[in-house]
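Peer 1: Residue numbers (the working numbering), protein chains in the order written: chain S, 143 to 443; chain G, 143 to 443.
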């Protein structure tokens with residue numbers, strides 16, 4: 143299929159045009175398409191959802207998609223697979239929970255592997271967000287397992303970041319240590335019927351009290367995604383954050399952040415290609431690694 | 143402490159000299175030390191050990207350390223934490239299994255986080271291997287959880303790569319799909335008393351038959367690391383691989399590979415710093431991301 147056909151389908155609002163455009167972006171051939179549709183992007187509500195394996199992210203996603211659909215919004219879902227070779231089985235089980243939406247033409251679901259992409263979530267994911275946005279999808283949900291840098295990156299790409307936590311898992315202590323406190327716009331304690339759920343809520347509240355928030359103070363929502371309980375509360379928290387971003391004008395810096403992140407990954411990718419050529423052509427093995435690095439860097443700018 | 147003191151301790155074979163040198167490397171101040179001791183490195187046997195969480199890597203490590211010590215070898219162990227904020231609890235449990243060796247002055251154990259380092263395992267880990275090697279440790283074991291790119295990177299840094307698998311986990315199918323077959327010099331089916339252990343052995347053998355190995359054919363070893371069963375077989379497999387590397391001269395390209403990998407990470411780190419300065423100073427947000435990337439790249443060579 144040629145670029146004109148893809149673009150015609152895309153412009154006509156046909157899902158296969160979007161699907162093809164994303165595939166091209168994934169294989170590194172998306173530049174022209176992205177450039178062409180870029181001026182149309184910038185209207186979608188982008189939500190990142192991260193958390194440990196097993197916390198119920200896909201069930202939460204499914205609940206949010208259902209909510210958005212009930213409000214008549216078109217939806218895109220991007221499920222980013224972690225790059226571990228050892229966990230696909232579990233993730234496949236997760237993915238199935240989204241299948242009630244597979245037949246809805248106004249929900250576009252796409253999963254992608256972070257393996258091979260510099261820095262995990264980025265690269266093709268940023269292109270995919272942009273393409274879905276330009277396609278006219280109103281809400282874009284980016285779901286990723288919190289391994290590697292992905293939970294930090296998702297916060298750079300999304301306007302609102304949800305961090306889902308598991309009661310009784312010890313997650314809350316880790317959250318504070320790992321700098322997750324800084325990226326969460328909304329904490330979601332899922333499986334709220336768990337005996338430790340209230341204790342986790344108190345822990346998170348306690349941690350928040352110790353911190354001095356400038357601007358937005360993260361919301362804390364209790365959900366039981368399987369039964370749908372708390373999804374309305376979660377939606378309200380998302381809307382409240384969006385209202386905050388718009389009223390304060392922070393939405394502009396959020397968009398700029400996502401843009402900067404994408405450009406950074408693009409440039410890094412190109413620099414890596416050049417570097418790999420250089421390593422082939424003129425790596426001196428007579429030096430220690432630091433001297434060899436210095437030698438290679440001479441000639442770069 | 144100044145560099146002269148660290149170096150004097152290091153040269154005198156005092157563990158605190160090595161410990162301090164590694165800490166400097168971790169905080170990015172290791173260049174001078176590494177350059178100074180580099181000529182002394184290149185003698186250690188480096189072994190990478192990767193596999194899914196829960197497979198028993200630390201118990202395997204502990205068994206290998208015990209074996210090496212019984213042969214009178216000095217040992218370094220590097221445990222690379224995955225960068226997930228959500229799994230430290232589990233890993234700490236793992237780490238404890240190494241504690242029988244903490245009091246042995248000829249075993250130097252160090253754990254480090256991959257978070258923050260470009261590409262996971264690399265960076266400080268490469269420096270640490272080099273420092274331990276130059277310090278005179280004869281066997282260096284690098285242990286990492288198979289998340290992110292770490293399982294691939296470990297194979298670039300280590301001369302012999304062990305991939306540990308869990309019977310009954312579906313791991314064997316993933317191994318083939320994820321390109322792990324290409325990095326494993328030795329497969330270790332741990333928990334050999336598991337009812338599915340023999341089935342997993344057959345699966346891996348079957349997969350190996352389908353592939354056409356040039357040179358080394360991966361060994362497959364069954365272990366019960368907790369009881370120590372199979373550790374002697376594993377040691378023999380490691381020695382066989384080492385003999386193969388030496389006889390064929392492949393050890394030279396293995397060393398070159400590790401060197402190239404380290405230089406690559408060093409250069410990438412410096413390029414990222416420059417790029418971040420550039421992004422601050424002259425990122426145009428009037429363009430689409432690809433055009434903005436092109437604009438930034440002008441002026442880079």
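Cβ atoms here follow ideal geometry from the backbone N, Cα and C, with glycine treated the same way.
Since we're looking at a predicted model, the values are computed, not measured.
1) Please confirm whether residue 401(G) has its beta-carbon closer than 8 angstroms to some beta-carbon of chain S.
2) Would you decide whether residue 337(G) is buried or exposed? Buried here means 16 or more other CB atoms lie within 10 Å of its CB.
3) Quick one: what does DSSP say residue 235(S) is sitting in, helix, strand or coil?
4) For residue 425(G) and residue 433(G), which I take to be in contact (beta-carbon distance under 8 angstroms), what is that distance rounded to the nearest angstrom?
5) Going by Cα to Cα distance, which pick from 408(G), 296(G), 381(G) is closest to residue 171(G)?
6) Taking the C-alpha atoms as reference points, what is the distance between residue 176(S) and residue 265(S)?
7) As a quick exercise: from 310(G), 285(G), 185(G), pick the residue whose alpha carbon is nearest that of residue 304(G).
8) Which residues in the same chain have their Cβ closer than 7 angstroms to the Cβ of residue 382(G), if we skip the five residues on either side of it in sequence?
9) Quick check: what's the CA-CA separation for residue 438(G) versus residue 412(G)?
10) Let's see if you can read the secondary structure: which residues bound the alpha helix (DSSP H) around residue 164(G)?
11) Under 7 angstroms Cβ to Cβ from residue 396(G), same chain only, skipping five residues before and after it: list those, please.
12) Spatial neighbours of residue 143(G) within its chain, please: CB distance less than 7 angstroms, with the 5 preceding and 5 following residues excluded, ordered by chain position.
13) Just confirm the distance between the C-beta atoms of residue 276(S) and residue 179(S), as a whole number of angstroms; I'd bet it's less than 8 angstroms.
14) Quick check: does the Cβ of residue 437(S) come within less than 7 angstroms of any heavy atom belonging to the ligand ADP?
15) Would you list, in chain order, the members of the region 423–442 of chain S that have their beta-carbon closer than 8 angstroms to a beta-carbon of chain G?
16) Indicate whether at least one CB of chain S lies closer than 8 angstroms to the CB of residue 234(G).
17) Name, going along the chain, the residues of the region 160–174 of chain S whose beta-carbon falls closer than 8 angstroms to a beta-carbon of chain G.
18) My assumption, with CB atoms under 8 angstroms, is that residue 404(G) sits in contact with residue 186(G). Please give the rounded CB distance.
19) If you draw a straight line from the C-alpha of residue 297(G) to the C-alpha of residue 157(G), how long is it?
20) Of all Cβ atoms in chain G, is any one closer than 8 angstroms to the Cβ of residue 144(S)?
21) Check the C-beta distance from residue 376(G) over to residue 330(G) and give it rounded, since I have them as a contact under 8 angstroms.
22) List the endpoints of the continuous alpha helix (DSSP H) containing residue 381(G).
23) Suppose you measure from the CA of residue 415(G) to the CA of residue 248(G); what does that come to, to the nearest Å?
24) For residue 180(G), decide whether its Cβ has a neighbour in chain S, counting only Cβ atoms nearer than 8 angstroms.
25) Anyone know if the C-beta pair for residue 218(G) and residue 272(G) falls short of 8 angstroms?
26) When the Cα of residue 420(G) is compared with those of 244(G), 379(G), 400(G), 442(G), which residue comes out closest?
27) Could you check whether residue 254(G) and residue 168(G) sit closer than 8 angstroms to each other, using their CB atoms as the reference points?
28) Can you tell me whether DSSP reads residue 179(G) as helix, strand or coil?
29) For the beta strand (DSSP E) holding residue 192(S), just list the boundary residues, first then last.
30) Within 10 angstroms of its Cβ, does residue 213(S) collect 16 or more other Cβ (buried), or is it exposed?
31) Helix, strand or coil: which one does DSSP assign to residue 302(G)?
32) To the nearest angstrom, report how far apart residue 193(G) and residue 325(G) are at their CA atoms.
33) Express the C-alpha separation of residue 245(S) and residue 210(S) in angstroms, rounding to a whole number.
34) Going by other Cβ atoms of all chains shown within 10 Å of its Cβ, with 16 needed for buried, is residue 422(S) buried or exposed?
35) Specify, as a first and last residue, the run of the alpha helix (DSSP H) that residue 211(S) falls within.
36) What separation, rounded to the nearest whole angstrom, lies between the Cα atoms of residue 402(G) and residue 145(G)?
Peer 2: In this structure, then:
1) yes
2) exposed
3) Note that residue 235(S) has pLDDT 44, beneath the 50 cutoff, so the model's placement of it is unreliable and no number is given.
4) About 11 angstroms separates the two Cβ atoms, so there is no contact after all.
5) 408(G)
6) 12 angstroms
7) Looking at 310(G), 285(G), 185(G), the one whose alpha-carbon comes closest to that of residue 304(G) is 285(G).
8) 361
9) 16 angstroms
10) 157–168
11) 301, 387
12) 162
13) 4 angstroms
14) Within the structure as shown, the ligand ADP is missing, as the structure has no ligands at all.
15) Against chain G - using a Cβ distance shorter than 8 angstroms - the residues of the region 423–442 of chain S are 425, 427, 430, 431, 432, 433, 434, 435, 438, 439, 441, 442.
16) Any reading at residue 234(G) is ruled out, since the residue's pLDDT is 45, under 50, leaving its predicted position unreliable.
17) 173
18) Rounded, the Cβ-Cβ distance is 15 angstroms, inconsistent with contact.
19) Using only the alpha carbons, I get a separation of about 27 angstroms.
20) Interface residue (Cβ-Cβ distance to chain G less than 8 angstroms): residue 144(S) is not classified as such.
21) Correct: roughly 6 angstroms between the Cβ atoms.
22) 373–390
23) 38 angstroms
24) Chain S, which has a Cβ nearer than 8 angstroms to the Cβ of residue 180(G), makes this yes.
25) no
26) 442(G)
27) yes
28) helix
29) 187–193
30) exposed
31) Strand at residue 302(G).
32) 12 angstroms
33) If you take the alpha carbons of residue 210(S) and residue 245(S), they lie about 16 angstroms apart.
34) Exposed: under 16 other Cβ atoms inside 10 Å.
35) 199–212
36) 27 angstroms
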